[in-house]
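Before any comments, here is the structure.
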Amino acid sequence: DQGEFQGVFCICNETTRKVVAERELKSAYHQVDSAREQLHQFFMQNPVPMVILMGPEFRFALANRPYEQFIGRSVQGKTVREVFNAEEVAGYLPILEKVFHTGEPYIGRELPFDLIGPDQQVTRKWIDLIYQPYREDSGEIKGLLALVHDVTASVEARDLIAASEKQFRQISNTLSLIIWTADSYGEITWANQWWYTYTGAQELSRFLAESAVHPDDQSSALSEWSRSIETGASFRREIRFLRAQDHAYRWHVVEAHPLKDEQAQVIRWVGSCVDVHDQVNLVRDLEQERVLREHFVAALTHDLRTPLSAAKMSSQLLSRKMPESDASRKLAIRITNNLDRADEMIRDLLDAGQIKAGGAVAVENDVAVSLDQIVHDAMEDLISVHGERFKVGELPAVQGYWDRSVVRRIIENLVGNAVKYGSPSESITLDGAEQGDQVKISVHNFGDPIPAEIQKQLFEPYARSLSAIKSSQKGWGIGLTLVRGFAEAHGGHVEVVSSREQGTTFTVFLAKNSHRS
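Take any residue in the sequence shown, note its place counting from 1, add 28, and you have its number in the working numbering.
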C-alpha cells in the first residue's frame, strides 16, 4: 500500500504462428513480385514483337522494343487510333473489336500491313498475327495480347521465286523444244507448251509414257531413268518420240538434271527434249559414206599394188638396158621414182586402214639398228627437199630393235607436218633422247597452236584440224594415224603439246627392245 515494489506479474502470449505466417506472406509477396518481374523481362526482351492493349479503346499498356522498332513509333500509354492513322488499321480494328467482345482468339497468316511514313510514303510489310483476349480472374476481358511476326522477307522471296518461275515458263513456252520439271520421285509436274504441241497430249502424262516413246526405246530408257532417280545422277539419252503432226517417231536428246538442297537431297528435276532427228540421220549418212569410202580405198589400194609393181619392174628393166646418156633412160628412172612415191602412198593407206581396224602394223625389228643413223639419213633427204631450215639436236648413240624404214616414216611424217603447218620463218627442231628402256624423238615448230580439244582427234584416220582444212595444204589426214600406229607397233606411244607461246611439239616414244613388246 505504501507503493513499494513487491514483485513482477508477467503475461506471455505465443505469436509463433503469426510471425511465421507474416514471414511466409512476405516471402510469397516477394515471389509474386519476382515472378511478375521475370514475366515482365520475358515480355520486354522477347525478340517477337508483343503488346498488351487494355480497354475498349485499345490503349498500349505494355509494348516491347521489337514492336516499337517494327512500326518505328513510340506507343506507350497511347491508343491504337493515336498511334496509327485510319488507313493503316482499317482492316485490323474490326478484328480487335471482335476478339475483345467475343473472347475468340484470332490467328492471321501473311497479312498485308501498310505503314505510312512522315513523307506519306507507304511501306508494305507482311505479318503473321495473333490476338489473344486478356482476362481477369473473374473471366472478364480487360484487353488483348498481340503477337506480331514480320514475314516480309519470306513472302517477298517467295513472290520473287514465283515471278521468276513465271518468267521462266513464259520464255520456255516460246521455245521449239520440250522443257519439263519433275518432283524428286520423277513424276512430271510441269511441261512447256511445246510438249502439248509436239505430242498432241491434252494433259501431263508420266515421263516416257508408252503413248509418246518408241517401243524399242521405252524399256531401256525407263530403266536408266529409274537409276537416275535412285542415285541422283544426271540423265542423258537419245530417245525416239512420236510427233503428233505426222505420227512419225523422231530422235530426241533427252536430258534431266537434279536440283539439290543443302543436304544434297534431290528436290526437283529439270529436263529437256531436243529434236535431233535430222542431225542423227546426217551422222548416219556420213558414217555410211565413211565406211563406203574406206572400203573403196582399201579395195583400190590393194588392187593397185599389182599393176604398179609390174609397171615399176618394167621401168627398171628399161632403164638398165638403155645407155646412161639416153634421154629415155632418164625418163624411165623418173617413172620408177614416181611409181615408188605412188607405192608409198598406197602403203600408207593400207597401214592406216590396218590401224583403224584395230590391227597392228607389221614391222621388221629383229635386228638392232642405230637411232642416230636413222635420223641422220632421213634428215639428209628432207634437207635436200626443204632446204636448211632444220635444227637437229644431239642424238643418243643408242641401238634398239626397230624397223628402220618405219622409224624413218615416223620422222618424215612429223617433219612434213611441221613444214606444212609451222611458221615458214622459224626453224624446225628435231631432238632425241634416251629415257630408261625407251628412246624419244621430238619434232618442234612454231606457228598456230593446236586446240586442246582437237589434239586427241588428230591421231584418228582421215582427221584434219580446222586450220589444216582451211589452209592451202593438201593431205589425206592419215600421217599422224600412221605415227601413232608405228609407235604402238614398237611398244611406244605419241604425245603432243601445243601453245601459242611455246609452239607445237610432237614426241614419239619407242621401246628399245620393241621386238619383245
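The beta carbon of each residue, even a glycine, is placed where N, CA and C say it ideally should be.
**OP:** Output the distance between the C-alpha atoms of E50 and A181, rounded to the nearest integer angstrom.
**Re:** 55 Å
Subject >> Inter-stretch contact (C-beta, 8 Å, three-pair minimum) for the region 177 to 191 and the region 206 to 215 >> reply: no
Subject >> Residue(s) in a DSSP beta bridge with D459 >> reply: S470
Original post:
With 16 other CB atoms within 10 Å as the buried threshold, where does N92 fall?
Top reply: Under this definition N92 is a buried residue.
Original post:
Using a Cβ-Cβ cut-off of 6 Å (strictly less than) and excluding sequence neighbours within five positions of R268, which residues of its own chain qualify?
Top reply: Counting only Cβ-Cβ distances below 6 Å, and skipping sequence neighbours, we find H242, D245, Y277 and W279.
**OP:** Identify the continuous alpha helix (DSSP H) that holds I478 and give its terminal residues.
**Re:** From DSSP, I478 is part of no alpha helix (DSSP H); its letter is neither H nor E.
Original post:
Helix, strand or coil: which one does DSSP assign to V536?
Top reply: strand
**OP:** For F37, count neighbouring Cβ atoms within 10 angstroms of its own Cβ and tell me buried if that reaches 16, exposed if not.
**Re:** exposed
Original post:
Hey, would you say F537 sits closer than 8 Å to Q427, going by beta carbons?
Top reply: Result no, Cβ atoms of F537 and Q427 do not sit closer than 8 Å.
**OP:** Apply the 10 Å Cβ neighbour rule to K126 and answer buried if 16 or more other Cβ atoms are within range, or exposed otherwise.
**Re:** Under the 10 Å beta carbon count, K126 is surrounded by fewer than 16 other beta carbons and is classified as exposed.
Original post:
In the DSSP assignment, what are the bridge partners of Q160?
Top reply: L173
Original post:
Using the rule of at least 16 other Cβ atoms within 10 Å of the residue's Cβ for burial, across every protein chain shown, is R87 buried or exposed?
Top reply: buried
Original post:
Just to confirm, are I439 and I469 a CB contact at a threshold of 8 Å?
Top reply: yes
Original post:
At what residues does the beta strand (DSSP E) containing L81 begin and finish?
Top reply: M78 to M82
Original post:
From which residue to which residue does the beta strand (DSSP E) around L205 run?
Top reply: Here L205 belongs to no beta strand (DSSP E), and DSSP marks it neither H nor E.
Subject >> Identity of the residues DSSP links to S342 by a beta bridge >> reply: Bridge partners of S342: none, in fact.
Original post:
Within 10 angstroms of its Cβ, does K349 collect 16 or more other Cβ (buried), or is it exposed?
Top reply: With fewer than 16 other Cβ atoms within 10 Å, it is exposed.
**OP:** Could I get the ranges of all uninterrupted beta strand (DSSP E) runs contained in the region 213 to 250, with 3 residues as the minimum, in chain order?
**Re:** 216 to 219
Subject >> Stretch pair the region 76 to 84 + the region 92 to 102: three plus CB contacts closer than 8 Å >> reply: yes
Subject >> Beta-carbon proximity check, E283 vs S300, cutoff 8 Å >> reply: yes
**OP:** Grab the span of the beta strand (DSSP E) containing A525 for me, first residue to last.
**Re:** The question names Ala, but residue 525 in the sequence shown is Val. That run of the beta strand (DSSP E) goes H521 to S527.
**OP:** Indicate the three-state DSSP secondary structure (helix, strand or coil) for K153 in the structure shown.
**Re:** strand
Original post:
Do L486 and V471 have their C-beta atoms closer together than 8 Å?
Top reply: no
Subject >> Residues bridged to W279 [DSSP beta-bridge criterion] >> reply: R268, per the DSSP bridge assignment.
Original post:
Counting Cβ pairs closer than 8 Å, one from the region 446 to 462 and one from the region 472 to 483, do we hit at least three?
Top reply: Because the criterion of three Cβ pairs below 8 Å is met, the region 446 to 462 and the region 472 to 483 touch.
Subject >> Exposure label - P122; buried when at least 16 CB within 10 Å >> reply: exposed
Original post:
Rounded to the nearest angstrom, how far is the Cβ of V117 from that of V108, given a contact under 8 Å?
Top reply: Under the criterion of beta carbons closer than 8 Å, V117 and V108 qualify as touching, at roughly 6 Å.
**OP:** Let me know if N41 comes out buried or exposed under the rule of 16 or more other beta-carbons within 10 Å of its beta-carbon.
**Re:** exposed
**OP:** Would you check if there are 3 or more beta carbon pairs closer than 8 Å linking the region 189 to 198 to the region 149 to 161?
**Re:** no
Subject >> When Q230, K540 and I206 are compared against V304, the one with the closest alpha-carbon >> reply: Nearest C-alpha to V304: I206.
Original post:
Exposed or buried, which one is P351 when buried takes at least 16 other CB atoms within 10 Å?
Top reply: exposed
Original post:
On the three-state DSSP scale, how would you describe D303?
Top reply: strand
Original post:
By Cβ distance, which residues of its chain are closer than 7 Å to T217, with the 5 residues on each side in sequence left out?
Top reply: T209, A210 and D211
**OP:** Output the distance between the C-alpha atoms of L510 and L345, rounded to the nearest integer angstrom.
**Re:** 32 Å
**OP:** State the DSSP-derived secondary structure class of G131, mapped to helix, strand or coil.
**Re:** G131 carries a coil assignment under DSSP once its states are collapsed to helix, strand and coil.
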